[in-house]
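Some notes on the structure that comes next.
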């Protein structure tokens, strides 16, 4: 069952994000089978990330919580807030999937 995880970086923590980014990407690569999609939320000019969105295919909220807590960004205490909600796919690649 899909979950959407939205993260919000602590203010003024861009340097920490960049420092931990490679470990974060390696974590995502190691868990690619769980990822439906993910990516950073960017400023309008595209230069600064301030959090991210993850769509993950996991069986429970507890698994989603374990997934995000094991992310190096979370372990480095980058996030000010993390929201996890169940998600239902309605469209993918511009096609209705319901």
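In the numbering used here, the protein residues as written are -16 to 81.
We put the CB at the ideal spot given by N, CA and C, even for glycine.
(1) Give the range of the beta strand (DSSP E) segment to which residue -8 is assigned.
(2) Quick check for students: name the residue ranges of the beta strand (DSSP E) that lie wholly in the region 16 to 60, counting only runs of 3 or more.
(3) Can you name, in chain order, every residue of its own chain whose Cβ lies under 7 Å from the Cβ of residue 59, other than the five neighbours on each side?
(4) Using C-beta distances below 8 Å, list every residue in its chain close to residue 65, excluding the 5 sequence neighbours before and after it, in chain order.
(5) By Cβ distance below 6 Å, which residues in the same chain neighbour residue 34 in space, the five residues on each side in sequence not counted?
This is what the structure gives:
(1) By one-based count along the chain shown, residue -8 stands at place 9. -15 to -8 is the extent of the beta strand (DSSP E) around residue -8.
(2) Runs found: 18 to 25 and 32 to 40.
(3) Taking the first residue of the chain shown as 1, we reach residue 59 at position 76. Result list for residue 59: -1 and 3, in chain order.
(4) On the chain shown, residue 65 is found 82 positions in, with the first residue counted as 1. Closer than 8 Å at Cβ, skipping near neighbours: -12, -11, -10, -9, 51 and 57.
(5) The residue you call residue 34 lines up with position 51 of the chain shown. Cβ within range, chain order: -10, -9, -8 and 24.
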